[in-house]
Amino acid sequence: MQTMVDPPDAELIRREEEKREARWDPAERWRVFQETITWMESQATVRRNTPQRCIELERALGVRS
Amino acid sequence: MNVDTLLDGFNRHEVAYLLIGGMNFAMRHAPILTYDVDFWIEDTTENRRRCERALASLQAEWGRSEEDWQPVYDRPPGWLDRQSVFCLTSPHGPIDVFRAVEGLTSWKESRQRAQRCSTTAGTPFVSLSDEDMLRCQLALPESKQKRDRIEALRRSLEDRANHG
C-alpha cells in the first residue's frame, strides 16, 4: 500500500546526521573514507587518463606515433 | 565504502529504490567528495519491509537516539515506518534512506524518468534522472544549493536537448 509522508525537514536531517556522527567510530570512519576514495577511483566516471583513454584521444586528434 | 556491496544488498532484496544525492551525481557526472549513499525508496509497506531486510543483511545500525543505537537486525519489522529519513551506519559505509524527497512529488514518476546504470564491477542500480537531480537542488534554500552541480546538470540537459 502506497503511503504518503512529507519530505524530511532540515531539522530532522540534522538530528539524524548528528546521531550517526556520534555513533560512528572514528577509526571505522577513516577506513570508510579511504575505501570510498579507492572505490570512486575505480569507477569509469572518475578515470580520465587511462592508457585506453589516451589512445582514444590520440586517435580523435589524429596524432601519429 | 564499498558501494557495490550496498547496491547489491538492495538489489538482492528487491527493494524498489532510486540512487540519489552526491553518489548518484558522482556516478553519472563528475567525482565529488561524498561519504554516504542515499536511497529514495518507494514508500509502500511491502517495500519498507524489503528495505528493512536489506539493511539487516548489510549489518546496518540505527537508533531513535544515541542510547538506542543498535543493529537493525534486532529491531522488529516496522521500524522504517516511524519517520521520513534515516541515517545509518554499516561496515560497508553510511547509508541514508529517504521515504520522501524535497522537490520531487512522485516516486513512480521519478522511476519512469530514471536510468538503469551499472558500476564498473557490473552492479546494476537505478539512478535518479538529471531532471530530477536538478529539481532536488533547486528545491533547496539558495544557501544550500550546490552551484557546480546545478551547472553540470543544466549543461547535461542542454546537451541532450541539442543532440537528442
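Sequence lines, in order, name chains A and B. To convert, note that position 54 of the first sequence is 54 in the numbering used here; the numbers rise steadily by one, no gaps. To convert, note that position 93 of the second sequence is 158 in the numbering used here; the numbers rise steadily by one, no gaps. Beta carbons are placed, not taken as given, at the ideal position from N, Cα and C, and that holds for glycine.
Check the Cβ of residue i against every Cβ in chain B and list those closer than 7 Å, keeping chain order.
{"i": "E35(A)", "result": "M66, N67"}
{"i": "E16(A)", "result": "V150, F151, C152"}
Cβ of residue i less than 9 Å from any chain A Cβ?
{"i": "A186(B)", "result": "yes"}
{"i": "W144(B)", "result": "no"}
{"i": "R164(B)", "result": "yes"}
{"i": "P136(B)", "result": "no"}
{"i": "P54(B)", "result": "In the structure as shown, chain B starts at 66 and stops at 229, and residue 54(B) therefore has no counterpart that could be examined."}
{"i": "R219(B)", "result": "no"}
{"i": "P141(B)", "result": "no"}
{"i": "P156(B)", "result": "yes"}
{"i": "S194(B)", "result": "no"}
Going by Cα to Cα distance, which pick from the options is closest to residue i?
{"i": "L110(B)", "options": "R214(B), R164(B), R200(B)", "result": "Sequence inspection shows Thr at residue 110(B); the Leu mentioned does not correspond to that position. Nearest of R214(B), R164(B), R200(B) to T110(B), Cα basis: R164(B)."}
{"i": "A179(B)", "options": "C152(B), H78(B), S194(B), A186(B)", "result": "S194(B)"}
{"i": "L121(B)", "options": "Y138(B), E131(B), R129(B)", "result": "Reading off the sequence, residue 121(B) comes out as Ala, not Leu. Taking only the C-alpha atoms, the option nearest A121(B) is Y138(B)."}
{"i": "F104(B)", "options": "E223(B), E207(B), K173(B), V150(B)", "result": "V150(B)"}
{"i": "D69(B)", "options": "N89(B), D161(B), P189(B), E207(B)", "result": "P189(B)"}
{"i": "R93(B)", "options": "D73(B), S221(B), R114(B)", "result": "S221(B)"}
{"i": "G86(B)", "options": "R212(B), C201(B), R225(B), H228(B)", "result": "C201(B)"}
{"i": "E107(B)", "options": "R118(B), G143(B), W172(B)", "result": "W172(B)"}
{"i": "E174(B)", "options": "M66(B), Y82(B), R77(B), L71(B)", "result": "Y82(B)"}
{"i": "N112(B)", "options": "E79(B), P141(B), Y100(B)", "result": "E79(B)"}
{"i": "L203(B)", "options": "A226(B), G168(B), D224(B), R176(B)", "result": "G168(B)"}
{"i": "R214(B)", "options": "L84(B), P141(B), I97(B), R77(B)", "result": "I97(B)"}
{"i": "E132(B)", "options": "R59(A), E35(A), A22(A), T36(A)", "result": "A22(A)"}
{"i": "K19(A)", "options": "E117(B), L72(B), L145(B), L153(B)", "result": "L153(B)"}
{"i": "D146(B)", "options": "H157(B), S183(B), R129(B), G187(B)", "result": "R129(B)"}
Since residue i meets chain A, which of its residues come closer than 7 Å, beta carbon to beta carbon?
{"i": "V80(B)", "result": "Under the 7 Å cutoff, chain A gives no residues; its nearest Cβ is about 15 Å from V80(B)."}
{"i": "E131(B)", "result": "K19, A22, R23"}
{"i": "E167(B)", "result": "P7"}
Chain B beta carbons: is any one of them nearer than 9 Å to that of residue i?
{"i": "S65(A)", "result": "Residue confidence for S65(A) is low, a pLDDT of 47 falling below 50, so the modelled location carries little weight; the figure read from the coordinates is stated next. Chain B, which has no Cβ nearer than 9 Å to the Cβ of S65(A), makes this no."}
{"i": "L12(A)", "result": "yes"}
If the cut is a Cβ gap below 8 Å, which residues of chain A does residue i touch?
{"i": "P159(B)", "result": "R20, W24, V32"}
{"i": "G128(B)", "result": "K19, R23"}
Heavy atom of the ligand MN less than 8 Å from the Cβ of residue i, yes or no?
{"i": "D139(B)", "result": "Summarising the ligand content, the structure contains no ligands, and the ligand MN is consequently not present."}
So, is the C-beta of residue i closer than 9 Å to a C-beta in chain D?
{"i": "G158(B)", "result": "The structure shown contains no chain D; its protein chains are A and B."}
Notebook entry, point to check: Of all the residues that make up the stretch 19–31 of chain A, which are near chain B by a beta-carbon distance shorter than 7 Å?
Noted result: From the stretch 19–31 of chain A, only K19, R20, A22, R23, W24 have a Cβ closer than 7 Å to chain B.
Next item on the list: With a floor of 3 residues, list each beta strand (DSSP E) that falls wholly inside the stretch 150–188 of chain B, ordered by position along the chain.
Entry: Every unbroken stretch of the beta strand (DSSP E) spanning 3 or more residues and falling wholly within the stretch 150–188 of chain B is given here in chain order: 150–153, 160–163, 180–183.
Checklist line | Every unbroken beta strand (DSSP E) inside the stretch 69–153 of chain B [3 residues or more] | finding: The qualifying runs are 82–85, 102–106, 150–153.
Item checked: Segments assigned alpha helix (DSSP H), at least 4 residues, entirely inside the stretch 202–226 of chain B -> Taking 4 residues as the minimum length, the stretch 202–226 of chain B contains no alpha helix (DSSP H) run wholly inside it.
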